[in-house]
Every structure is written in C-alpha cells, then in structure tokens.
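Asker:
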Amino acid sequence: MKAIERQVYRAAYQDGLLETFLGGYLFIFGSLMVAKPGMASFSALTVFVIRPLFTKVKNRYTYPRVGYVKLPQENESAGKEIGLTAILFIVILVASLIVLSALMGNESGKEFWFRWFLPVLASILFSFGPLWMGRTYGLKRAYFIAVLIPLLGISMAITGIFTGYAAVGVICLTGGFLSLVSGVIMFSRFLRKYPVEEEVLNVSGQ
Amino acid sequence: MSLDNKKDKGIQSVIQIDRLVHEPARMLIMAILLSVENADFLFLLKQTGLTRGNLSSHLSKLETAGYVSITKEFVDKIPRTLLTATDGGSDAFENYRRRMIGILENC
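The listed protein sequences correspond, in order, to chains A and B.
For the first sequence, the working numbering gives the first residue as 182, with consecutive numbering after it.
For the second sequence, the working numbering gives the first residue as 13, with consecutive numbering after it.
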C-alpha cells in the first residue's frame with residue numbers, strides 16, 4: 182500500500198507545477214528581501230493570487246492529460262507541522278538575538294547575529310519546504326535543494342559576502358530560482374510526454 | 013485446539029476470500045482509491061495501465077458491489093467523473109488484506 186501511495190503522490194505532482202509556483206514565490210520573497218526587507222512580508226499576499234492560479238493551471242493543463250486526483254487531508258497536517266516548525270525557528274531567531282545582545286553587548290551581539298545566526302538558521306528554515314516536498318512526494322531533486330540551501334547559508338556566514346537580510350534574500354533567490362527552473366523543465370517535459378486525453382467513462386456500458 | 017487444526021482453519025479460509033477484491037486489476041483499483049480521497053477515470057486509467065473497456069468493466073463490478081461510488085461534477089464547464097472508495101469498499105479491502113496475511117502466515 183505504501184508503494185502505491187507513493188506512486189500516486191508522485192503521479193499527482195509529476196507536472197512540476199508545485200515546484201514552479203513555490204520557486205516563483207521564493208523568488209519574489211528573496212527579491213523583496215534584497216531590495217526592501219520591510220516589504221518582504223507583503224509577499225504573503227501573493228498567496229491570494231498564486232493559489233487560484235495554481236488550481237486554474239492544473240485544471241487547464243494537468244488534469245486533461247493525466248487525470249484528476251484529490252489527495253487525502255492527512256497531507257495538510259504535514260503542512261501544519263512545517264508551519265509550526267517555521268514559527269518555532271522564528272522564535273529561536275528572535276530569542277537568540279536577545280540573548281546574544283545581552284551577552285555580547287548590543288552592537289557586537291547584533292553584528293554576530295546578522296553575520297552568523299540569521300543566514301544559517303534562515304537557510305535551515307527554508308530547507309524545510311523542499312525537504313517536505315521530497316518526503317511527501319518522493320521528489321529527489323527537492324532533497325538536492327534542501328541540502329544546497331543550508332550549505333549556501335553556512336558558506337555565506339563563513340565568507341561574509343552577504344549578511345543579515347540580504348543573505349536571507351540571496352538564499353531565497355537561489356532556492357527559488359533552482360526550484361523555478363526545475364519546475365519549468367518538469368512542466369515542459371510533462372506537456373510533451375502526455376498529450377491531452379478525452380475522458381470517456383462508460384461504467385454502466387451506456 | 014491443536015496446531016494442525018488451527019492450520020486447517022487457516023487453509024480453509026482461502027475459499028472465503030472476497031473474489032471481487034482478489035482479482036489483481038480490481039485490487040489495484042481499490043488500493044489506489046483507498047490511498048486518495050477521490051480520483052477521476054483518466055487518473056485510474058493512467059495509474060493502472062488498463063484499457064478503457066477493462067477499467068470500465070471492473071469499476072462497474074465494484075460499483076455494483078457498493079465498494080466504489082461514482083459521482084459527476086462540472087469544473088469550468090468540463091464534466092469530471094469522480095470515483096471514491098466507499099466505507100464498505102474500505103472494509104472489504106481491509107478484511108481481504110487481513111485474511112490474505114493470515115493465510116500466507118499459515119502457509
């Protein structure tokens with residue numbers, strides 16, 4: 182049953198649209214973080230556009246080719262787990278800033294936090310999304326992105342090329358770009374591999 | 013009860029297995045439908061690799077037995093036929109699975 186479940190999940194997301202949309206969102210978020218960190222939270226508003234657009238594209242391109250499937254609700258609880266972990270990480274980030282500032286003094290504590298804590302912890306946090314995708318949908322390429330993002334965060338902290346919010350922005354931009362490119366390639370392959378089929382159901386032999 | 017008697021009972025339960033679920037194509041259809049909330053005909057067609065006629069015939073049998081329910085809806089004016097495993101179908105599959113495990117353990 183587990184093997185069948187996994188196959189069904191893979192089949193449902195073989196079009197690469199989830200990666201494309203998630204990558205697109207991360208790209209927007211990352212761009213805002215680099216340009217204007219204060220505006221980054223507004224990127225959450227794009228969910229109101231992305232979600233219906235995602236459904237529309239699925240209806241238009243995916244379902245006529247490989248059919249429609251609604252996955253069980255259990256998956257949403259896995260999404261909630263990720264959400265809670267994200268909140269926990271944000272709490273850790275804020276708490277670490279307060280603790281470091283208290284221990285090292287306001288200035289050097291903040292500097293240490295922006296140079297080391299923020300890029301590394303943010304990169305770990307952003308790797309949870311692809312990790313969840315890899316675990317739930319069996320996407321190997323998502324694991325690759327999940328490993329690459331923390332490595333990027335660590336290398337940024339060591340080299341100091343980007344620090345603070347700019348580092349978070351670059352991490353999101355890179356992760357988003359990779360996901361977007363991988364998604365678009367998957368989608369174009371999917372369109373070529375599966376032509377549109379007309380659903381014919383004649384269950385009762387009519 | 014002696015060990016041999018127990019084994020005999022296990023062997024005899026082979027003839028009590030649900031033949032409707034036992035057929036490989038229908039077993040696969042049920043397994044797929046039980047791992048999702050619902051799916052349409054085309055999705056099952058792609059996943060099972062059966063022909064349209066074959067899949068229709070198996071679905072018809074499963075629907076008659078009350079293991080699968082078929083509903084129709086319209087999405088953007090396009091008809092979509094949704095197939096869902098019923099509670100009865102879920103129970104039947106679970107019973108079949110348990111019985112088969114029991115039989116194989118006794119072999």
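Cβ coordinates follow ideal geometry from the N, Cα and C atoms, glycine included.
Answer yes or no: does any C-beta atom of chain B fall closer than 8 Å to that of residue 248 (chain A)?
Answerer: Position 67 of the first sequence, counted from the first residue, corresponds to residue 248 (chain A). Interface residue, yes.
Asker: To the nearest angstrom, how far is it from the Cα of residue 200 (chain A) to the Cα of residue 235 (chain A)?
Answerer: For the purposes of this step, residue 200 (chain A) is identified with residue 19 of the first sequence, where counting begins at 1. For the purposes of this step, residue 235 (chain A) is identified with residue 54 of the first sequence, where counting begins at 1. Spanning the two alpha carbons is a distance of roughly 11 Å.
Asker: Kindly list, in the order they appear in chain A, the residues whose Cβ is closer than 7 Å to that of residue 48 (chain B).
Answerer: What you label residue 48 (chain B) is simply residue 36 of the second sequence in a count that begins at 1. Ordered by position in chain A, the residues that pass the 7 Å Cβ test against residue 48 (chain B) are 189, 250, 251, 252 and 253.
Asker: Considering only the beta carbon of each residue, do residue 376 (chain A) and residue 246 (chain A) sit closer than 8 Å?
Answerer: By 1-based counting over the first sequence, the position of residue 376 (chain A) is 195. By 1-based counting over the first sequence, the position of residue 246 (chain A) is 65. Yes, the pair counts as a contact, with Cβ atoms nearer than the cut-off.
Asker: Looking at residue 226 (chain A): is its Cβ nearer than 8 Å to the Cβ of residue 360 (chain A)?
Answerer: Position 45 of the first sequence holds residue 226 (chain A). Position 179 of the first sequence holds residue 360 (chain A). No, Cβ-Cβ distance for residue 226 (chain A) and residue 360 (chain A) is not below 8 Å.
Asker: Tell me, to the nearest whole angstrom, how far the beta carbon of residue 196 (chain A) is from that of residue 243 (chain A); I am working on the premise that it is less than 8 Å.
Answerer: Translated into the one-based positions of the first sequence, residue 196 (chain A) becomes position 15. Translated into the one-based positions of the first sequence, residue 243 (chain A) becomes position 62. That pair is a contact at about 5 Å.
Asker: Taking C-alpha atoms, which residue in B:118, B:79, B:38 and B:100 lies nearest to residue 60 (chain B)?
Answerer: As a working mapping, residue 60 (chain B) is identified with position 48 in the second sequence. Taking only the C-alpha atoms, the option nearest residue 60 (chain B) is B:38.
Asker: Check whether the segment 95-110 of chain B touches the segment 41-55 of chain B, taking contact to mean three or more Cβ pairs, one atom from each stretch, closer than 8 Å.
Answerer: Counting Cβ pairs under 8 Å, three or more are found: they touch.
Asker: To the nearest angstrom, report how far apart residue 115 (chain B) and residue 75 (chain B) are at their CA atoms.
Answerer: Locating residue 115 (chain B) in the second sequence gives position 103, where the first residue counts as 1. Locating residue 75 (chain B) in the second sequence gives position 63, where the first residue counts as 1. Near 27 Å, if we compare the C-alpha coordinates of residue 75 (chain B) and residue 115 (chain B).
Asker: Check the Cβ-Cβ distances between residue 367 (chain A) and every residue of chain B, and say whether any is below 8 Å.
Answerer: In the first sequence, residue 367 (chain A) corresponds to position 186, counting from 1. No - not a single Cβ of chain B is within 8 Å of the one on residue 367 (chain A).
Asker: Please identify the residue among A:288, A:330 and A:205 whose C-alpha is closest to the C-alpha of residue 230 (chain A).
Answerer: Stepping through the first sequence from its first residue, residue 230 (chain A) is reached at position 49. Nearest C-alpha to residue 230 (chain A): A:205.
Asker: Beta-carbon separation of residue 356 (chain A) and residue 307 (chain A) under 8 Å?
Answerer: Mapped onto the first sequence, residue 356 (chain A) falls at position 175. Mapped onto the first sequence, residue 307 (chain A) falls at position 126. It is a contact, given that the beta carbons lie within the stated cut-off.
Asker: If we require 4 or more residues per run, which alpha helix (DSSP H) segments fall completely within the segment 299-351 of chain A?
Answerer: The qualifying runs are 299-318 and 321-340.
Asker: Within the 8 Å Cβ cut-off, does residue 9 (chain B) reach chain A?
Answerer: Outside the displayed range of chain B (13 to 119) lies residue 9 (chain B), so it cannot be described from this structure.
Asker: CA-CA distance, residue 98 (chain B) and residue 304 (chain A)?
Answerer: Working through the second sequence from its first residue, we reach residue 98 (chain B) at position 86. Working through the first sequence from its first residue, we reach residue 304 (chain A) at position 123. Near 44 Å, if we compare the C-alpha coordinates of residue 304 (chain A) and residue 98 (chain B).
Asker: Once the 5 residues before and after residue 219 (chain A) are set aside, which same chain residues still bring their CB inside 6 Å of it?
Answerer: In the first sequence, the residue the question calls residue 219 (chain A) occupies position 38. No residues qualify anywhere along the chain.
Asker: Kindly list the residues whose CB is nearer than 7 Å to the CB of residue 13 (chain B), restricted to its own chain and excluding five residues on each side of it in sequence; keep chain order.
Answerer: The count along the second sequence starts at 1 and reaches residue 13 (chain B) at position 1. Summary for residue 13 (chain B): the model assigns pLDDT 47, below 50, so the residue's position carries little reliability; its value from the coordinates is reported in the next sentence. Within the same chain, residue 13 (chain B) has no close Cβ partners at all.
Asker: In the DSSP output, which residue or residues are listed as bridge partners for residue 84 (chain B)?
Answerer: In the second sequence, the residue the question calls residue 84 (chain B) occupies position 72. DSSP output for residue 84 (chain B) lists B:93 as bridge partner(s).
Asker: With distances taken between CB atoms, is the gap from residue 273 (chain A) to residue 312 (chain A) smaller than 8 Å?
Answerer: Locating residue 273 (chain A) in the first sequence gives position 92, counting from the first residue. Locating residue 312 (chain A) in the first sequence gives position 131, counting from the first residue. No, they are not a contact pair.
Asker: Residues bridged to residue 52 (chain B) by DSSP?
Answerer: Working through the second sequence from its first residue, we reach residue 52 (chain B) at position 40. For residue 52 (chain B), which the question treats as bridged, DSSP gives the partners B:94.
Asker: For a contact defined as C-beta to C-beta under 9 Å, what are the partners of residue 55 (chain B) on chain A?
Answerer: Here the question's residue 55 (chain B) lines up with position 43 in the second sequence. Within 9 Å Cβ-Cβ: 189, 192, 193, 244, 247, 248, 249 and 250.
Asker: Can you give the Cα-Cα distance for residue 374 (chain A) and residue 367 (chain A), rounded to whole angstroms?
Answerer: Numbered from 1 along the first sequence, position 193 holds the residue referred to as residue 374 (chain A). Numbered from 1 along the first sequence, position 186 holds the residue referred to as residue 367 (chain A). Approximately 10 Å between the Cα atoms of the pair.
Asker: Is there a Cβ from chain C that is less than 8 Å from the Cβ of residue 43 (chain B)?
Answerer: Absent here is chain C; the protein component of the structure consists of chains A and B.
Asker: Do you know how far the Cα of residue 287 (chain A) is from the Cα of residue 183 (chain A)?
Answerer: For the purposes of this step, residue 183 (chain A) is taken as the residue at position 2 of the first sequence. For the purposes of this step, residue 287 (chain A) is taken as the residue at position 106 of the first sequence. If I take the Cα positions, the gap works out to 52 Å.
Asker: If contact is defined by three or more beta carbon pairs under 8 Å, each pair taking one atom from either stretch, is the segment 333-346 of chain A in contact with the segment 280-296 of chain A?
Answerer: Short answer: they touch.
Asker: How far does the alpha helix (DSSP H) with residue 183 (chain A) in it extend, from its first residue to its last?
Answerer: To locate residue 183 (chain A), count along the first sequence from 1; it is residue 2. Element bounds for residue 183 (chain A): 183-193.
Asker: With a 10 Å radius around its C-beta and 16 neighbouring C-beta atoms as the bar for buried, classify residue 317 (chain A) as buried or exposed.
Answerer: Position 136 of the first sequence holds residue 317 (chain A). Label assigned to residue 317 (chain A): buried.
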